[in-house]
Amino acid sequence: MPAGSKPDKPLWTEEFSVYASEDKFVLRRQFTKFLVLTSFGMLAGNVWILIKSLVRRPRTAFPELAIGRASGIASGEVKLFNYPTANDPCILVRTPSGRLAAYSQKCTHLSCAVYYARAENRLECPCHEGYFSVEDGSVLQGPPPRALPKIELETRGEQLYAIRVVENRARI
Amino acid sequence: MRPILNQVRQRRRTVIDAAVAFLIVLLIVQMWLLTATLEAYLAGNTGAAIPGVVVSFVLFLACFGLYRFVERVYRVR
Numbered sequence: 163m164p165a166g167s168k169p170d171k172p173l174w175t176e177e178f179s180v181y182a183s184e185d186k187f188v189l190r191r192q193f194t195k196f197l198v199l200t201s202f203g204m205l206a207g208n209v210w211i212l213i214k215s216l217v218r219r220p221r222t223a224f225p226e227l228a229i230g231r232a233s234g235i236a237s238g239e240v241k242l243f244n245y246p247t248a249n250d251p252c253i254l255v256r257t258p259s260g261r262l263a264a265y266s267q268k269c270t271h272l273s274c275a276v277y278y279a280r281a282e283n284r285l286e287c288p289c290h291e292g293y294f295s296v297e298d299g300s301v302l303q304g305p306p307p308r309a310l311p312k313i314e315l316e317t318r319g320e321q322l323y324a325i326r327v328v329e330n331r332a333r334i
Numbered sequence: 015m016r017p018i019l020n021q022v023r024q025r026r027r028t029v030i031d032a033a034v035a036f037l038i039v040l041l042i043v044q045m046w047l048l049t050a051t052l053e054a055y056l057a058g059n060t061g062a063a064i065p066g067v068v069v070s071f072v073l074f075l076a077c078f079g080l081y082r083f084v085e086r087v088y089r090v091r
């Protein structure tokens, strides 16, 4: 090395300072870098949602599923079934008014299974005490942000069929 | 000489702290935005996705600008 010329600073001194007084600056810079990377991660998340939104096609074709005899479910009784796939648990309730209502059994908060509380005549999620109306699936109380998806039913003779899943626009 | 240098360093540190604090506020807004967009998507509302990306990109640019600013302040001797 020629006399008088300064040696280049090693790269590591940029990240790990030699002098304690500079240490705070390094930490702040590192922290800022980390925050910007986090910001980029969240932007990536938003882009991912956009891509999913663009390629998402609403499901139009649903299979028909025979649930059972309509008269076999008494007032206040429930019947569990899976629809439209074996991984989608649903709940069928005959309300005290005699109407049949079916909903997805997955709570819209964190997907715990909701059950019918007969005494209160509502669907309840035991995980975080989210309550849903049995009449329209709307949220009555708790953290669930949306109503339960509705299962459309059709009665042919005595047989009850699940024919479609519909997004439930019932207000909270 | 030393007191002036200390004063400059102190001022620089204050500026950097202010920039970092502002960056954290931007990040909280961006986090809320991501949560709200995801919630809208899960509820079947896909209309919020494009505005979500645009605003998130603007927030990211602001964060990146602040990062560059902190770097520049740090390098001022």
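Those protein sequences? They're chains V and A, same order as listed.
Here the working numbering is used: position 23 in the first sequence is 185, and no number is missing along the way.
Here the working numbering is used: position 19 in the second sequence is 33, and no number is missing along the way.
Cβ coordinates follow ideal geometry from the N, Cα and C atoms, glycine included.
The Cβ neighbour count for residue 219 of chain V, taken over all protein chains shown within 10 Å, is under 16; the residue is labelled exposed. In the DSSP assignment, residue 88 of chain A falls within the alpha helix (DSSP H) that extends over 63-89.
Residues 26, 29 and 30 of the same chain have their beta carbon placed closer than 7 Å to that of residue 87 of chain A, with the five preceding and five following residues left out of the count. One finds 212 in chain V with Cβ atoms closer than 7 Å to the Cβ of residue 64 of chain A, taken in chain order. Residue 181 of chain V is classed as exposed because its beta carbon has fewer than 16 other beta carbons within 10 Å across all chains shown.
Within the segment 196-212 of chain V, the residues whose Cβ lies closer than 7 Å to some Cβ of chain A are 197, 198, 200, 201, 202, 204, 205, 207, 208, 209, 211 and 212, listed in chain order. The alpha-carbon separation between residue 60 of chain A and residue 67 of chain A amounts to approximately 12 Å. Counting every other CB atom within 10 Å of its CB across the protein chains shown gives residue 21 of chain A a total below 16, marking it as exposed. Between residue 224 of chain V and residue 326 of chain V, the C-beta spacing is below 8 Å.
With a threshold of 8 Å between beta carbons, residue 222 of chain V makes no contact with chain A. Relative to the Cα of residue 80 of chain A, the nearest Cα in the group V:222, V:199, V:296 and V:231 belongs to V:199. Relative to residue 314 of chain V, the option among V:227, V:257 and V:194 whose CA is nearest is V:227. For the pair residue 260 of chain V and residue 232 of chain V, the Cα-to-Cα distance works out to about 11 Å.
Counting the other CB atoms within 10 Å of its CB gives residue 296 of chain V a total of 16 or more, which places it among the buried residues. Put simply, the backbone Cα of residue 190 of chain V is about 43 Å away from that of residue 269 of chain V. Rounded to whole angstroms, the gap between the alpha carbons of residue 279 of chain V and residue 245 of chain V is 22 Å. Per DSSP, the continuous beta strand (DSSP E) segment holding residue 324 of chain V begins and ends at 321-328.
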